[in-house]
Amino acid sequence: MSLLACTTRRALISGASVPSSSASALPRGVLFETRRYASRKRWKAKDESKKSGVQRDASGKPLASKKEKTPPLFTPLPVEQLKATVFEVESRSGVSTEEGAKEKESGRKVLKFLSKNVKRENVGLAMEFVKSQSGDGVSKHFGLPKTVWKEFKLLGRPTSVVRDVTIDTVEALDKAAELSSAETRLVLSGKSGCGKSYLLVQAVEHCAASGWVVLYIPRAVNLVNSTTPYTYDIRTQTFLQPESSYQILHRVKEANKKVFQELKTQNALVVDGWKTVPAGTTLSELVDLPREEVGRAPVVLDWLMKELEGQTTHPVLLAVDDFQALFNRTAYRDPHFKPIAPYHMQVPRLLLEFAAGKRKFAKGAVVGALNASDPVYGITTELSEALELDPAGGKLGAPWPYEKRSTFLTEYAQGMRKVDVPAGLSVREAESVFEVWMKQRVLASKAYDELFMAKYVESAGNARDFVWKGLLGTLQT
């Protein structure tokens with residue numbers, strides 16, 4: 001009998017305790033064994049008590065409960081539910097009516113982000129984007145980077161601060177209005193959170209207000225992270241992206257609706273199996289071709305870019321955020337399950353050709369913004385060497401000299417000019433940012449000079465940290 005399978009109870013019974021019928025057959029001392037199985041209900045109850053109680057590790061130490069790391073999401077209520085006057089933007093300022101009247105008399109008010117106001121003497125001032133642009137125009141149809149979108153949701157009106165680099169970029173774009181896009185190919189670089197995406201939005205809004213044709217891609221990562229379907233095209237020997245092409249066409253049309261109704265095609269579009277699109281067709285009608293069949297979108301997008309290359313009536317701005325993602329291996333896979341290079345994908349290749357100057361607009365510019373904090377699609381060696389960037393801010397040193405470079409990506413990265421965005425805000429710029437958020441009443445404590453200087457020093461002037469960890473961080477205290 002196995003000792004592991006049962007419990008044993010032994011009892012030594014004397015002859016006097018044994019019945020008479022068996023007393024003669026058994027010896028004087030007898031050893032009895034009885035089998036008793038362990039109670040399973042008791043062990044189940046213990047397991048349940050362990051589950052319901054404090055969980056412990058192998059050494060008996062209690063395990064800490066997991067905490068959710070999801071940041072709080074700020075979702076504003078619909079405008080229809082905010083009918084009270086207290087919810088109006090003008091009445092949300094932190095000043096009284098008497099102080100507001102004094103401000104009006106002194107002439108202090110937030111300027112509109114217009115070409116006439118974007119001047120050197122207004123550096124450090126906060127300006128509101130015009131409603132026709134950011135509310136019903138470019139930013140609404142193209143979208144925004146996630147960080148900028150969150151801040152615009154919290155603000156009553158989309159606002160940004162004019163900096164010295166803003167004036168430099170606007171002046172460069174004004175000169176590019178009469179030059180080929182191959183002459184003006186800019187890349188905004190700088191530390192994480194310094195304001196590159198905001199500067200790109202300012203450039204887009206300025207060009208839209210100046211009558212440019214604007215093509216803005218706020219999240220280029222979505223073109224290479226395998227979030228949309230793709231198919232191989234034997235004719236071009238590239239992988240087409242019908243969904244991405246259709247989205248770009250739709251947004252370009254809505255953002256440039258008036259201009260597209262004026263511009264007409266110079267040549268006819270002839271494709272096998274399609275009805276011929278005659279010359280003289282408006283660009284609005286051309287963009288509407290893939291509405292019934294999304295598979296036509298890649299051909300229409302390429303044809304639209306060709307038409308924009310030749311026209312000289314309106315300058316064209318091609319703005320791309322997360323620009324470094326176009327130089328990374330994509331998450332798409334070929335039939336052999338190998339990563340597809342970005343220059344083998346239709347939309348990234350199209351953007352790279354304009355960035356490299358292989359294709360160019362008769363009038364216009366190409367502007368890209370780098371994202372130095374992306375852990376998946378970071379800044380590649382080819383792009384870093386072409387722009388002469390300081391790798392990882394000088395922390396990691398120069399790249400390994402024996403690292404393999406892609407000749408194609410190196411060729412695409414040539415000729416672009418770097419625009420350094422300052423790592424921190426100046427005191428005057430930070431003061432304007434502080435005043436904008438103070439008027440929105442996002443500060444939990446009363447605003448005073450010591451609080452401003454404390455948050456400014458804690459963030460080292462970094463724009464993102466100054467707002468999110470500094471000003472909005474007061475809501476958690």
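Numbering (the UniProt record's numbering), first residue to last: 1 to 477. Beta carbons: idealized from backbone N, C-alpha and C, even for Gly. Here the structure is a predicted model, which is why all the values come from computation and not from measurement.
Original post:
For the candidate residues Ala331, Pro145, Glu254, Leu304, whose alpha-carbon lies nearest to that of Ser229?
Top reply: For this step, residue 229 is matched to residue 229 along the sequence shown. Rather than Ser, the amino acid found at residue 229 in this sequence is Pro. When each option's Cα is compared against that of Pro229, the closest is Ala331.
**OP:** Give the straight-line distance between the Cα atoms of Leu451 and Ala430, rounded to the nearest whole angstrom.
**Re:** Locating residue 451 in the sequence shown gives position 451, counting from the first residue. Locating residue 430 in the sequence shown gives position 430, counting from the first residue. Straight-line Cα distance between these residues: approximately 12 Å.
**OP:** Entirely within the stretch 117–183 and at least 4 residues each: give me those alpha helix (DSSP H) ranges in chain order.
**Re:** 138–142, 146–154, 164–176
Original post:
Under the rule that 16 or more other beta-carbon atoms within 10 Å means buried, what is Ala424, buried or exposed?
Top reply: To locate residue 424, count along the sequence shown from 1; it is residue 424. Just to set this straight, residue 424 is Gly in the shown sequence, not Ala. Classification for Gly424: buried.
Subject >> Coil, strand or helix - Val433 by DSSP >> reply: Translated into the one-based positions of the sequence shown, residue 433 becomes position 433. Helix at Val433.
Subject >> Residue(s) in a DSSP beta bridge with Met345 >> reply: Within the sequence shown, numbered from 1, the residue matching residue 345 stands at position 345. Paired residues: Phe239.
**OP:** Please report how far the alpha carbon of Leu263 lies from the alpha carbon of His314, in whole angstroms.
**Re:** Taking the first residue of the sequence shown as position 1, residue 263 is located at position 263. Taking the first residue of the sequence shown as position 1, residue 314 is located at position 314. Rounded to the nearest angstrom, the two C-alpha atoms are 9 Å apart.
Original post:
If you draw a straight line from the alpha carbon of Lys153 to that of Val161, how long is it in whole angstroms?
Top reply: By 1-based counting over the sequence shown, the position of residue 153 is 153. By 1-based counting over the sequence shown, the position of residue 161 is 161. Cα to Cα, Lys153 sits roughly 17 Å from Val161.
Original post:
Do Arg329 and Pro339 come within 8 Å of each other at the CB atom, strictly closer than that value?
Top reply: Translated into positions along the sequence shown, residue 339 becomes position 339. Translated into positions along the sequence shown, residue 329 becomes position 329. Closer than 8 Å, so yes.
Original post:
Pairing CB atoms from the stretch 241–259 with CB atoms from the stretch 277–292, are three or more of them under 8 Å?
Top reply: yes
Original post:
What is the DSSP secondary structure of Phe32, reduced to helix, strand or coil?
Top reply: For the purposes of this step, residue 32 is taken as the residue at position 32 of the sequence shown. Only weak support is given to the placement of Phe32: the predicted model assigns it a pLDDT of 48, under 50, and the value that follows is read from those uncertain coordinates. If DSSP states are grouped into helix, strand and coil, Phe32 belongs with the strands.
Original post:
With Arg417 and Arg185 assumed to form a contact (beta carbons below 8 Å), what rounded beta-carbon distance in angstroms separates them?
Top reply: In the sequence shown, counting from the first residue as 1, residue 417 sits at position 417. In the sequence shown, counting from the first residue as 1, residue 185 sits at position 185. Rounded, the Cβ-Cβ distance is 6 Å, consistent with contact.
Subject >> Pro218 versus Gly60: straight-line alpha-carbon distance, rounded >> reply: Numbered from 1 along the sequence shown, position 218 holds the residue referred to as residue 218. Numbered from 1 along the sequence shown, position 60 holds the residue referred to as residue 60. For Pro218 and Gly60, the distance between alpha carbons rounds to 51 Å.
Subject >> When Leu114, Asp420, Glu403, Asp168 are compared against residue 503, the one with the closest alpha-carbon >> reply: Residue 503 is absent from the structure shown; the chain starts at 1 and stops at 477.
**OP:** Leaving out five residues on either side along the sequence, give the residues of the same chain with a beta carbon under 6 Å from the beta carbon of Lys146.
**Re:** If you number the sequence shown from 1, residue 146 lands on position 146. For Lys146, where only same-chain residues beyond five positions count, there are no Cβ hits under 6 Å.
**OP:** Look at the Cβ atom of Leu383, then the Cβ atom of Ala413, and state whether they are nearer than 8 Å.
**Re:** Along the sequence shown, read from residue 1 onward, the residue named residue 383 stands at position 383. Along the sequence shown, read from residue 1 onward, the residue named residue 413 stands at position 413. A contact, by the Cβ cut-off of 8 Å.
**OP:** Select from Leu472, Thr380, Pro158, Tyr198 the residue whose C-alpha is nearest the C-alpha of Leu111.
**Re:** Translated into the one-based positions of the sequence shown, residue 111 becomes position 111. It is Pro158.
Subject >> Counted within 10 angstroms of its Cβ, other Cβ atoms place Glu151 as buried (16 or more) or exposed >> reply: Residue 151 sits at position 151 when you count from the first residue of the sequence shown. By the 10 Å Cβ count, Glu151 comes out buried.
Subject >> Three-state secondary structure assigned by DSSP to Pro298 >> reply: Here residue 298 refers to the residue found at position 298 of the sequence shown. Looking at Pro298 - three-state DSSP - the assignment turns out to be helix.
Subject >> Where Ser115 falls, given that 16 or more other Cβ within 10 Å makes a residue buried >> reply: Counting from one through the sequence shown, the residue named residue 115 turns up at place 115. Exposed is the call here.
**OP:** Measure the Cβ-Cβ separation of Leu199 and Thr166 and say whether it is below 8 Å.
**Re:** Residue numbering aside, residue 199 sits at position 199 when the sequence shown is read from its first letter. Residue numbering aside, residue 166 sits at position 166 when the sequence shown is read from its first letter. Yes, these two residues count as a Cβ contact at 8 Å.
Original post:
From Tyr216, Asp449, Lys196, pick the residue whose C-alpha is nearest to that of Glu205; which is it?
Top reply: In the sequence shown, residue 205 corresponds to position 205, counting from 1. The candidate whose alpha carbon is nearest that of Glu205 is Tyr216.
Original post:
What residues match up with Leu111 in a beta bridge as DSSP calls it?
Top reply: Mapped onto the sequence shown, residue 111 falls at position 111. Per DSSP, Met127.
Original post:
With a CB to CB cut of under 6 Å and the five nearest residues on each side skipped, what residues in its chain are close to residue 489?
Top reply: There is no way to answer for residue 489, as the model of the chain reaches only from 1 to 477.
Subject >> Which residues DSSP lists as bridging Val277, in chain order >> reply: Translated into positions along the sequence shown, residue 277 becomes position 277. Paired residue(s): Leu269.
**OP:** Evaluate Ala460 with the Cβ neighbour count: other Cβ atoms within 10 Å of its Cβ, from every protein chain shown; 16 or more gives buried, anything less gives exposed.
**Re:** In the sequence shown, residue 460 corresponds to position 460, counting from 1. Ala460 comes out exposed.
**OP:** Please report the Cβ distance between Tyr221 and Ala325, rounded to the nearest whole angstrom; I am assuming they are in contact, meaning their Cβ atoms lie under 8 Å.
**Re:** The residue given as residue 221 occupies position 221 in the sequence shown. The residue given as residue 325 occupies position 325 in the sequence shown. At residue 221 the sequence reads Val, which differs from the Tyr that was named. Sure, about 5 Å apart at Cβ, within 8 Å.
**OP:** For Leu63, name the three-state secondary structure that DSSP assigns.
**Re:** On the sequence shown, position 63 is the one that residue 63 refers to. In this structure, Leu63 counts as coil in the three-state DSSP scheme.
Subject >> Among Arg441, Ala126, Val213, nearest to Lys257 - alpha-carbon criterion >> reply: For the purposes of this step, residue 257 is taken as the residue at position 257 of the sequence shown. The candidate whose alpha carbon is nearest that of Lys257 is Val213.
Subject >> Proximity to Thr312 [Cα-Cα], best of Pro298, Leu352, Gln266, Arg291 >> reply: In the sequence shown, residue 312 corresponds to position 312, counting from 1. Taking only the C-alpha atoms, the option nearest Thr312 is Gln266.
**OP:** Quickly, what does DSSP pair Val316 with across the bridge? List them, please.
**Re:** For this step, residue 316 is matched to residue 316 along the sequence shown. Looking at the DSSP assignment, Val316 forms a beta bridge with Val213, Gly364.
Original post:
Should Glu128 go down as buried or exposed, given a rule of 16 or more other Cβ atoms within 10 Å for buried?
Top reply: Taking the sequence shown and counting its residues from 1, one reaches residue 128 at position 128. Result: buried.
**OP:** Would you kindly check if the distance between the Cβ of Leu249 and the Cβ of Gln346 is under 8 Å?
**Re:** Numbered from 1 along the sequence shown, position 346 holds the residue referred to as residue 346. Numbered from 1 along the sequence shown, position 249 holds the residue referred to as residue 249. Taking 8 Å as the Cβ cut-off, Gln346 and Leu249 do not qualify as a contacting pair.
**OP:** Look at the alpha carbon of residue 531 and the alpha carbon of Glu353, and state the distance between them as a whole number of angstroms.
**Re:** Look at the range of the chain in this structure, 1 to 477, and you will see that residue 531 is not part of it.
Subject >> Spatial neighbours of Val130 in its chain, beta-carbon cut-off 6 Å, leaving aside the 5 residues before and after >> reply: Numbered from 1 along the sequence shown, position 130 holds the residue referred to as residue 130. Once the five neighbours on either side are set aside, the close Cβ partners of Val130 are Lys112.
Subject >> Under 8 Å between C-beta atoms of Ser226 and Leu370 >> reply: Sequence index remark: in the sequence shown, residue 226 carries index 226 (1-based). Sequence index remark: in the sequence shown, residue 370 carries index 370 (1-based). For Ser226 and Leu370, no; Cβs fall outside 8 Å.
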